[in-house]
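Chains as they are written, first to last, in UniProt numbering: chain A, 1 to 173; chain B, 1 to 173; chain C, 1 to 173.
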Amino acid sequence: MLLALSSAFAFPSKKQYKPCKHLVLYFHDIIYNGKNAGNATSAIVAAPDGANLTILAGQFHFGNIAVFDDPITLDNNLHSKPVGRAQGLYIYDTKNTFTSWLGFTFVLNSTDHQGTINFSGADPIMVKSRDISIVGGTGDFFMHRGIATIMTDAFEGEVYFRLRVDIKFYECW
Amino acid sequence: MLLALSSAFAFPSKKQYKPCKHLVLYFHDIIYNGKNAGNATSAIVAAPDGANLTILAGQFHFGNIAVFDDPITLDNNLHSKPVGRAQGLYIYDTKNTFTSWLGFTFVLNSTDHQGTINFSGADPIMVKSRDISIVGGTGDFFMHRGIATIMTDAFEGEVYFRLRVDIKFYECW
Amino acid sequence: MLLALSSAFAFPSKKQYKPCKHLVLYFHDIIYNGKNAGNATSAIVAAPDGANLTILAGQFHFGNIAVFDDPITLDNNLHSKPVGRAQGLYIYDTKNTFTSWLGFTFVLNSTDHQGTINFSGADPIMVKSRDISIVGGTGDFFMHRGIATIMTDAFEGEVYFRLRVDIKFYECW
């Protein structure tokens with residue numbers, strides 16, 4: 001199933017281009033479920049008719065919108081010191097599989113990177129590796145554009161997920 | 001009325017530029033109204049105070065957010081074989097006319113096209129022809145940018161609409 | 001506090017680049033609070049569990065989504081003749097400070113400017129000056145890209161705010 005989806009939806013970037021800048025980062029999302037207010041980094045704020053805001057909706061979560069402020073780390077450890085925050089929204093937008101649409105920003109503030117990176121795109125969650133657009137940046141990433149390759153690095157129940165984001169800039173300034 | 005709006009809001013693209021790639025596609029939106037769960041491809045998930053999620057809000061739908069996963073076809077026939085899905089959200093954002101704001105992705109998966117195209121922009125629905133930005137792409141559309149000219153090709157009650165999307169890329173890679 | 005945040009989150013644009021086009025505009029947001037239907041230009045349409053749609057949510061408004069259609073003016077006077085409309089959405093996305101995520105469009109229609117400008121980015125509201133991306137444009141701003149520097153020019157209670165938007169295009173066509 002995953003394989004079929006992979007071959008169907010993983011559109012490889014053209015290999016002849018080499019990124020002018022390259023970063024790999026992780027971000028961690030803990031969704032509010034009515035009981036984890038202290039730890040939650042995201043919350044369901046919209047749901048389809050009949051659903052509520054503490055349980056992801058039944059039909060592949062179709063119609064849920066979540067708002068998030070997730071820690072970004074250099075490795076896959078939730079407890080590593082964050083280098084920034086991933087902020088924005090994701091939307092579950094399909095009724096017959098898990099697919100989301102993403103609009104968000106990486107706000108990076110570490111000794112290595114100071115600036116923001118803006119992302120937009122469709123995220124076919126069940127596909128191993130999927131590409132979204134980097135539509136702009138500020139600070140160290142002033143006017144940059146590129147492609148981010150997303151992989152689900154962990155998924156625990158319906159509360160926690162961790163994404164690995166392979167950021168490849170093809171336009172640097 | 002339409003004419004007045006057209007002259008007011010149709011900002012023609014500069015004619016001296018020729019697209020490096022050109023595509024015309026249609027997508028079809030059937031909004032959930034409480035009775036069409038089987039056919040619906042979109043759903044109202046947010047509404048202003050006092051409105052519900054099965055009827056578009058009263059004042060030009062101001063404040064409604066819809067999430068969609070709409071079939072894309074090569075012609076204007078809803079029943080043609082889809083070449084991909086349009087996924088994302090639209091927002092009705094004006095109180096005194098029909099205007100929406102769009103953030104969505106075309107996920108194309110046919111023998112002709114494999115990749116995604118990311119769109120963002122204001123859509124003054126009552127204007128015959130309106131332009132939004134293509135802010136990025138992946139796969140066959142790796143790093144592309146351009147302009148999409150949208151026309152409402154059909155509008156049936158408050159349940160179905162079909163948009164013709166004239167995709168003109170001015171940056172190809 | 002503001003100073004600390006400024007030094008932490010104001011990522012200056014690289015100084016060596018000069019904009020190819022430059023505009024300063026203001027927009028004015030009056031949020032619906034249940035009593036100002038006549039004047040309001042925006043409305044809360046999504047809220048976290050337990051909150052309502054006429055009062056911004058308690059925890060730094062975390063989880064609120066507002067849809068807006070705000071007048072744009074050349075100066076800081078709400079009653080100046082508008083030169084266009086700012087349309088889209090903002091999202092309060094942090095639990096421990098005021099931060100929003102913006103997706104919106106300037107639809108300009110004056111003797112000076114005819115066209116649209118599309119914006120996307122994180123807005124750390126408490127920082128004096130913050131940068132977001134201009135991801136595309138149409139009409140006079142055909143295919144433009146750039147950076148917008150946002151400053152909160154006024155903030156009155158939880159009903160009115162005015163943003164000064166310093167639009168710097170670095171890619172003009």
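Just so it is clear, CB atoms sit at the ideal spot from N, CA and C, and this is done for glycine as well. The structure displayed is predicted, hence computed values, not measured ones.
Roughly how many whole angstroms lie between the Cα atoms of B/D112 and C/G58? 50 Å
Report the three-state DSSP secondary structure of B/S7 (helix, strand or coil). At B/S7, the pLDDT of 46 sits below 50, so the modelled position is not reliable; the number obtained from the coordinates is stated separately. B/S7 falls in the helix class under three-state DSSP.
Determine the chain C residues that contact B/F104 at a beta-carbon separation under 7 Å, and present them in chain order. The contacting residues do not exist; B/F104 stays about 11 Å from chain C at best.
Contact set between C/F11 and chain A, taken where Cβ atoms lie within less than 8 Å: Q114, G115, T116, T138, G139, D140
Measure how close the beta-carbons of C/V83 and C/L74 come, nearest whole angstrom, since I'm counting them as under 8 Å. 6 Å
Answer yes if the segment 119-130 of chain C comes into contact with the segment 91-102 of chain C, meaning at least three C-beta pairs across the two stretches below 8 Å, and no otherwise. yes
Could you say if the segment 151-159 of chain C and the segment 31-48 of chain C meet the contact criterion of at least three C-beta pairs nearer than 8 Å? yes
Name the one or two DSSP bridge partners that A/G121 has. A/L102
Neighbour-count burial assignment, A/Q114, 16 or more Cβ in a 10 Å radius: With 16 or more other Cβ atoms within 10 Å, it is buried.
Could you say if the segment 30-37 of chain C and the segment 15-26 of chain B meet the contact criterion of at least three C-beta pairs nearer than 8 Å? no
Mind pulling the chain C residues with CB within less than 7 Å of B/G63? In chain order: A43, V45, V67.
Taking the continuous beta strand (DSSP E) assigned at residue 174 of chain B, which residues delimit it? Given a span of 1 to 173 for chain B in the structure shown, any question on residue 174 of chain B remains unanswerable.
Per-residue contacts from A/S120 into chain C (C-beta, under 9 Å): G103, S120, V135
Whole-angstrom distance between B/H28 and B/I150, CA atom to CA atom: So the two alpha carbons sit approximately 13 Å from each other.
Here's a check: name, in chain order, each residue in its chain whose Cβ is nearer than 8 Å to the Cβ of B/W173, leaving out the five neighbours to either side. Closer than 8 Å at the Cβ level, and outside the excluded window around B/W173, lie F142, M143, H144.
By how many angstroms is the C-alpha of B/Q87 removed from the C-alpha of B/I55? 21 Å
Residue-chain proximity (A/D166, chain B), Cβ-Cβ < 8 Å: no
Tell me the DSSP secondary structure of B/V159 in three-state form. B/V159 falls in the coil class under three-state DSSP.
Give the residues of chain C in contact with A/G50, contact being defined as C-beta atoms less than 7 Å apart. Residues of chain C passing the Cβ test: none, with the nearest at roughly 15 Å.
Whose CA, out of B/T138, B/N96, B/V24, lies closest to the CA of B/N76? B/V24
For A/F68, which residues does DSSP report across the bridge? A/S42, A/G88
Consult DSSP for A/D166 and reduce its assignment to one of helix, strand or coil. strand
Distance CB(B/G139)-CB(B/F169) smaller than 8 Å: no
Span of the beta strand (DSSP E), counted from its first residue to its last, around A/C34: Before going further, note that residue 34 of chain A is Gly rather than Cys in the sequence given. It is not in any beta strand (DSSP E) - A/G34 carries neither H nor E in the DSSP assignment.
8 Å Cβ cut-off: residues of chain C touching A/T54: D49
Rounded to whole angstroms, what's the CA-CA distance from A/R130 to A/F11? Just pull it up for me. 8 Å
Residues of the segment 83-94 of chain B in Cβ contact with chain C at a cutoff of 8 Å, in chain order, please. I91, Y92, D93, T94
Please list, in chain order, the chain B residues whose beta carbon lies closer than 9 Å to that of A/I31. Residues of chain B passing the Cβ test: none, with the nearest at roughly 16 Å.
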